[in-house]
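So the sequences go chain by chain: A and B. Note that the first sequence covers residues 9 to 321 in this note's numbering. Note that the second sequence covers residues 320 to 627 in this note's numbering. C-beta: ideal position from N, C-alpha, C; glycine also. Remember, it's a predicted structure, so these values are computed and weren't measured experimentally. What follows is a set of notes on a single structure, which appears directly below.
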Amino acid sequence: MSVVDTADSRAASAPGGGTADNRGGTVGTRGSRLSPLERTGTGTRVVIGVALALALLWTLVPLVWMLLSSFKPSEAINSAEPQWLFSPTLQHYTGLFTGGNELAPYLWHSVAAAGGSAVLSVILGALAGYGLARSGMRGKRHLSFWIISTRMAPIAAVVLPLFLMFRQVGLIDTVPGLILAYLTFNLPFAIWLLNAFFADVPQALEESARVEGCTNWQAFRYVVLPLTKSGLVTTFVLCLVFAWNDYAFALVFSGPHSQTLPIAASQLVTQSGIDWGQLCAIGTFVVVPMMLAGLAVRRWLVTGLTLGAVTGE
Amino acid sequence: MTTDTESPTTAARSADPAPPRRRIGFTGRMMAPGIALLAALTVLPFVTIVVMSFSEVHLLGGLSLDFAGLSNWARFFTDPEMGWFWLRTALYFVLTLGLEMVLGVLLALCVWRLIRGRNLVLSMLLLPMFVAPVLVGLLGRFLVDPTIGLYSWLLEQLGYGGDVLGGTFSAFAAVVAMDVWEWTPLIALITLAGLTSVPLPLREAAALDGAGRWQTLRHIVLPSISNVLLVALLIRAMDAIRYFDIIWVTTNGGPANATKIVPVRLYETAFRFFDFGYAAVIGLAMLLASIVIARTFVRMLDRKGLAR
Chain A
9 MSVVDTADSR
19 AASAPGGGTA
29 DNRGGTVGTR
39 GSRLSPLERT
49 GTGTRVVIGV
59 ALALALLWTL
69 VPLVWMLLSS
79 FKPSEAINSA
89 EPQWLFSPTL
99 QHYTGLFTGG
109 NELAPYLWHS
119 VAAAGGSAVL
129 SVILGALAGY
139 GLARSGMRGK
149 RHLSFWIIST
159 RMAPIAAVVL
169 PLFLMFRQVG
179 LIDTVPGLIL
189 AYLTFNLPFA
199 IWLLNAFFAD
209 VPQALEESAR
219 VEGCTNWQAF
229 RYVVLPLTKS
239 GLVTTFVLCL
249 VFAWNDYAFA
259 LVFSGPHSQT
269 LPIAASQLVT
279 QSGIDWGQLC
289 AIGTFVVVPM
299 MLAGLAVRRW
309 LVTGLTLGAV
319 TGE
Chain B
320 MTTDTESPTT
330 AARSADPAPP
340 RRRIGFTGRM
350 MAPGIALLAA
360 LTVLPFVTIV
370 VMSFSEVHLL
380 GGLSLDFAGL
390 SNWARFFTDP
400 EMGWFWLRTA
410 LYFVLTLGLE
420 MVLGVLLALC
430 VWRLIRGRNL
440 VLSMLLLPMF
450 VAPVLVGLLG
460 RFLVDPTIGL
470 YSWLLEQLGY
480 GGDVLGGTFS
490 AFAAVVAMDV
500 WEWTPLIALI
510 TLAGLTSVPL
520 PLREAAALDG
530 AGRWQTLRHI
540 VLPSISNVLL
550 VALLIRAMDA
560 IRYFDIIWVT
570 TNGGPANATK
580 IVPVRLYETA
590 FRFFDFGYAA
600 VIGLAMLLAS
610 IVIARTFVRM
620 LDRKGLAR
């Protein structure tokens, strides 16, 4: 169950569109799936068009500017007047891997820390989320609340004690330390979200599997898991994005042996100025993979980002 | 905590198709590794931060905690600056959340009316959500750089010539704008999910009863998505408490503390002034605020009978 059930509305809108079409002779050029409500006048349509154009400009200009600047020669970046035309160069990208700048370790730390925590979160989260969804234990509500509140704990309040603890056991400046730190927010997220996905799988399926002779584990592994593939992928992607984009933990816990890409980006800010070309190149490097991953699971983004409270789009 | 009640008696009854006790044992075993790890990662730090809040923490020459009684707490409640940091934090939250809610809902209403190109437009609008907050901050600095920034050049054409991040008011506005840039799409996405779920017959009935477009929106559509809007607000509120990366890399709390919200103050107290005891008190206060929000979130899901 969820706050909104789009399956209903989709079912309702298909036949509903037909009736609207029959009734509204003036639906006009905007397709047949409109209800009278959506019969917008020209004025409204213009307002909506302008608003969306402005929203797209506001959203895309910074990103496009970053992308363009990453290919600009430094002189074009450092001119007082914005330069839209320039002869593109790869110098900022090649500069990231040559001449004292060695981005490869940062990249590796990012991939290992974010990927490691995402994989662990999905595995442990799937087990615990399924257990929680099917458990009839007393105090389940308290357990759920505790899990969700750990996800919402302020990073600053978590970093503080973890710093002392990690220092005591030598986890500062190690990739495993970062993975553990990222698990503090990714693991409760994965448990809660996958619990939501598992709760949507009818228990009758597992029961009939058990009648057929499956063990509990086999029913989970071969019946339930394949049905929640999209949930598992969504959880993995979101965990990956959260950890990959982290700065606050890495700032405190990482050192030369574990610094991640966001740290590399912030290190370009120095007393003597900022190399904006390189910054834009690193930025593109950090941002593009996450955008692609995020858009790949767009259908389930709402479910994922609301921790299962709202479904569908 | 976990009810792993696998006992010899249940094993003996395993011929039963679905004996209830065995099911509890199975789900308990499934939960055990994740819950145990989460407990280690949260209970231990929680105990540590509580102990820290009553101690004077020394890092040099090996970690040592000296019992300091209530002095950190007394300082927290008497520090005149602290009140201002919380007020500024409240203002920052109200402004960012308010703007994000209003703009996000408006954006969703616009995208909702799109028939053609809706997927493409929505995909493009969602992009800022995936940008690392620290890069949003750095990119913001690039755009408003007083000598080479694209936006500061634009502002100059419009007659505003100052250094955006240099002025107290403009710096505050800038960090709010960056947060709004990144997170308005999230509100729009959630709201859109709500809007598409408003049953068509309901809207048609309203239109048949002679309700105008605005009346339908005000009395039919918005009430039916109020739950979704509340979820959006709470989700955003929780993350707003968590992140401070943008401020950290743009203004670092300045100029003149204009953008110093509580988490920034905590980081500074701990990792610049190394006053871990006092920072722990600030951390616990923040934790309390986030628990209140989490409670509201879960309560709301419960009230609607939607708890998982």
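Consider the Cβ of P574/B: report whether some Cβ of chain A lies at a distance smaller than 8 Å. Here the question's residue 574/B lines up with position 255 in the second sequence. Chain A, which has no Cβ nearer than 8 Å to the Cβ of P574/B, makes this no.
Integer-rounded CB distance, given that S274/A should sit under 8 Å from L457/B: The residue labelled residue 457/B in the question sits at position 138 within the second sequence. The residue labelled residue 274/A in the question sits at position 266 within the first sequence. Right, the Cβ-Cβ distance comes to about 7 Å (below 8 Å), so this counts as a contact.
Compute the beta-carbon to beta-carbon distance between R522/B and T510/B, rounded to the nearest angstrom, for a pair I have assumed lies under 8 Å. Indexing the second sequence from 1 puts residue 522/B at position 203. Indexing the second sequence from 1 puts residue 510/B at position 191. With a Cβ gap of about 16 Å, R522/B and T510/B do not count as contacting.
If we call anything under 8 Å between Cβ atoms a contact, is A134/A one with L248/A? For the purposes of this step, residue 134/A is taken as the residue at position 126 of the first sequence. For the purposes of this step, residue 248/A is taken as the residue at position 240 of the first sequence. Not in contact: A134/A and L248/A (Cβ atoms no closer than 8 Å).
Would A598/B and L98/A qualify as a contact pair, given that the criterion is a beta-carbon distance under 8 Å? For the purposes of this step, residue 598/B is identified with residue 279 of the second sequence, where counting begins at 1. For the purposes of this step, residue 98/A is identified with residue 90 of the first sequence, where counting begins at 1. Cβ atoms of A598/B and L98/A: not closer than 8 Å.
Measuring only between beta-carbons, confirm whether L246/A sits less than 8 Å from chain B. Looking up residue 246/A in the first sequence gives position 238. Chain B contact via Cβ: absent.
Output, in sequence order along the chain, the residues in the region 66-77 of chain A whose CB is closer than 8 Å to any CB in chain B. W66, T67, L68, V69, P70, L71, W73, M74, S77
Return the CA-CA distance between F491/B and L65/A, expressed in angstroms with no decimal places. As a first step, residue 491/B must be located in the second sequence, where it is residue number 172. As a first step, residue 65/A must be located in the first sequence, where it is residue number 57. Cα to Cα, the separation comes out at about 22 Å.
Count the other C-beta atoms from every protein chain shown that fall within 10 angstroms of the C-beta of H265/A, then say buried if there are 16 or more, exposed otherwise. For the purposes of this step, residue 265/A is identified with residue 257 of the first sequence, where counting begins at 1. H265/A is exposed by the Cβ-count criterion.
Answer yes or no: does any C-beta atom of chain B fall closer than 8 Å to that of Q211/A? Position 203 of the first sequence, counting from 1, holds the residue named residue 211/A. No, because no Cβ of chain B sits closer than 8 Å to the Cβ of Q211/A.
Going by DSSP, what residues sit across from D398/B in a beta bridge? Translated into the one-based positions of the second sequence, residue 398/B becomes position 79. Partner(s): none; D398/B has no beta bridge.
Residues that DSSP places opposite G602/B in a beta bridge: Sequence index remark: in the second sequence, residue 602/B carries index 283 (1-based). BP columns for G602/B are empty, so no partner.
Looking at the ligand MN, does it come within less than 7 Å of T67/A, judged from the CB to the closest heavy atom? Because no ligand of any kind appears in the structure shown, any question about the ligand MN cannot be addressed here.
Span of the beta strand (DSSP E) around D385/B: Translated into the one-based positions of the second sequence, residue 385/B becomes position 66. First-last of the beta strand (DSSP E) with D385/B: 383-386.
Interface residues of chain B facing S274/A [CB-CB closer than 8 Å]: As a first step, residue 274/A must be located in the first sequence, where it is residue number 266. Result: V453, L457, V568.
Name the residue from L527/B, G436/B, L422/B, S543/B whose alpha carbon lies nearest to the alpha carbon of A59/A. Counting from one through the first sequence, the residue named residue 59/A turns up at place 51. Comparing Cα-Cα distances from A59/A to each of L527/B, G436/B, L422/B, S543/B, the minimum goes to L422/B.
Beta-carbon within less than 6 Å of V455/B's beta-carbon, same chain only, minus the 5 sequence neighbours each way: which residues are those? Here residue 455/B refers to the residue found at position 136 when the second sequence is read from its first residue. Result list for V455/B: M497, E501, I565, in chain order.
Nonlocal neighbours in the same chain, by C-beta distance under 6 Å from S129/A, ignoring five residues either side: Taking the first residue of the first sequence as 1, we reach residue 129/A at position 121. Only N194, L195, A198, C247 meet the Cβ criterion.
Taking 8 Å as the threshold (beta carbon to beta carbon), is S326/B in contact with chain A? What you label residue 326/B is simply residue 7 of the second sequence in a count that begins at 1. Since pLDDT at S326/B reaches only 43, below the 50 mark, its modelled position is unreliable, and the value read off the structure follows with that caveat. Chain A, which has no Cβ nearer than 8 Å to the Cβ of S326/B, makes this no.
Can you tell me whether N203/A is buried or exposed, with buried defined as 16 or more other CB within 10 angstroms of its CB? For the purposes of this step, residue 203/A is identified with residue 195 of the first sequence, where counting begins at 1. Its Cβ being crowded by 16 or more others within 10 Å, N203/A is buried.
Ordered along the chain, which non-local residues of its own chain (more than five positions away) have a Cβ less than 8 Å from that of Q279/A? The residue you call residue 279/A lines up with position 271 of the first sequence. Excluding sequence neighbours, Q279/A sits near nothing in its chain.
Within chain A, the residues that R561/B reaches when beta carbons sit closer than 7 Å: Indexing the second sequence from 1 puts residue 561/B at position 242. Neighbours of R561/B on chain A, chain order: P162, I163.
Give the range of the beta strand (DSSP E) segment to which S374/B is assigned. By 1-based counting over the second sequence, the position of residue 374/B is 55. That run of the beta strand (DSSP E) goes 374-377.
State yes or no: is the C-beta of I560/B within less than 8 Å of the C-beta of M605/B? For this step, residue 560/B is matched to residue 241 along the second sequence. For this step, residue 605/B is matched to residue 286 along the second sequence. In contact: I560/B and M605/B (Cβ atoms closer than 8 Å).
Where DSSP assigns a beta bridge to T278/A, which residues make up the other side? Walking along the first sequence from the start, residue 278/A turns up at place 270. Its beta-bridge partners are G281/A.
Runs of alpha helix (DSSP H) wholly within the region 509-559 of chain B (minimum 4 residues, chain order): 519-527, 532-535
Got a sec: is the Cβ-Cβ distance from Q226/A to anything in chain B below 8 Å? Within the first sequence, the letter at position 218 stands for residue 226/A. No, Q226/A does not count as interfacial toward chain B.
Report the three-state DSSP secondary structure of H117/A (helix, strand or coil). By one-based count along the first sequence, residue 117/A stands at place 109. In the structure shown, H117/A sits in a helix (DSSP, three-state: H, G or I).
Give the DSSP-derived three-state secondary structure of W92/A in the structure shown. On the first sequence, position 84 is the one that residue 92/A refers to. Coil.
For T615/B, does the three-state DSSP call read helix, strand or coil? One-based indexing of the second sequence puts residue 615/B at position 296. Note: T615/B maps to helix in three-state DSSP.
Does Q286/A pass the burial test, meaning 16 or more other C-beta atoms within 10 Å, or should it be called exposed? For the purposes of this step, residue 286/A is taken as the residue at position 278 of the first sequence. With 16 or more other Cβ atoms within 10 Å, it is buried.
Tell me the DSSP secondary structure of E419/B in three-state form. Residue mapping note: residue 419/B aligns to position 100 of the second sequence, counting from 1. Of the three classes helix, strand and coil, the one that applies to E419/B here is helix, per DSSP.
Which of helix, strand or coil DSSP assigns to H1/A: As shown, chain A starts at 9 and ends at 321. That puts residue 1/A outside it, with no answer to give.
Inside the region 410-469 of chain B only - alpha helix (DSSP H) runs reaching at least 4 residues: 437-445, 452-462
For V617/B versus F174/A, is the C-beta distance shorter than 8 Å? Translated into positions along the second sequence, residue 617/B becomes position 298. Translated into positions along the first sequence, residue 174/A becomes position 166. Taking 8 Å as the Cβ cut-off, V617/B and F174/A do not qualify as a contacting pair.
Given a cut-off of 8 Å on the beta-carbon distance, is the pair S78/A and W252/A in contact? Counted from its first residue, the first sequence places residue 78/A at position 70. Counted from its first residue, the first sequence places residue 252/A at position 244. Their beta carbons are not under 8 Å apart, which means S78/A does not touch W252/A by this criterion.
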